[in-house]
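Engineer:
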Amino acid sequence: MKDNERTSFIIAHRLSTTRDAALILVMNQGKIIEQGSHEELLSKGGFYKELQDSQFSKEERAQVSV
Numbered sequence: 042m043k044d045n046e047r048t049s050f051i052i053a054h055r056l057s058t059t060r061d062a063a064l065i066l067v068m069n070q071g072k073i074i075e076q077g078s079h080e081e082l083l084s085k086g087g088f089y090k091e092l093q094d095s096q097f098s099k100e101e102r103a104q105v106s107v
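The sequence shown runs 42 to 107 under our numbering.
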């Protein structure tokens, strides 16, 4: 089965686990508050970006973005 023919759900606290996902749903207190790709969520500057910034140093963020 090709990857584009299936749906997978990943529940993760480490954002590096989800960065290649086609769609990321960001939850806070049981509610979906943001959705998009890794790049889209970072560009929005919302809760996902805050989590990203809290988990990675500037050097690590540069490597993850590549």
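We put the CB at the ideal spot given by N, CA and C, even for glycine.
Since the model is a prediction, treat every value here as computed from it, not as a measurement.
For Phe-88 and Ile-73, which I take to be in contact (beta-carbon distance under 8 Å), what is that distance rounded to the nearest angstrom?
Structural biologist: Walking along the sequence shown from the start, residue 88 turns up at place 47. Walking along the sequence shown from the start, residue 73 turns up at place 32. The pair is not a contact, with the Cβ atoms about 11 Å apart (cut-off 8 Å).
Engineer: Reducing DSSP to helix, strand and coil, say where Gln-93 ends up.
Structural biologist: Numbered from 1 along the sequence shown, position 52 holds the residue referred to as residue 93. Note: Gln-93 maps to helix in three-state DSSP.
Engineer: Tell me, which residues are paired with Lys-72 by DSSP?
Structural biologist: Along the sequence shown, one-based indexing puts residue 72 at 31. For Lys-72, which the question treats as bridged, DSSP gives the partners Asn-69.
Engineer: Name the two residues that bound the continuous alpha helix (DSSP H) containing Ser-84.
Structural biologist: As a working note, residue 84 is residue 43 in the sequence shown. Per DSSP, Ser-84 belongs to the alpha helix (DSSP H) from 79 to 85.
Engineer: On a Cα-Cα basis, can you pick out the residue from Arg-55, Phe-50 and Arg-47 that is closest to Asp-94?
Structural biologist: By 1-based counting over the sequence shown, the position of residue 94 is 53. For the residues Arg-55, Phe-50 and Arg-47, the minimum Cα distance to Asp-94 belongs to Arg-55.
Engineer: So is Ile-51 buried or exposed if we call it buried at 16+ other beta carbons inside 10 Å?
Structural biologist: If you number the sequence shown from 1, residue 51 lands on position 10. Looking at its Cβ environment, which holds fewer than 16 other Cβ atoms inside 10 Å, Ile-51 is exposed.
Engineer: Could you give the distance in angstroms between the alpha-carbon of Arg-47 and the alpha-carbon of Ala-63?
Structural biologist: As a working note, residue 47 is residue 6 in the sequence shown. As a working note, residue 63 is residue 22 in the sequence shown. In a straight line, the C-alpha of Arg-47 is about 12 Å away from that of Ala-63.
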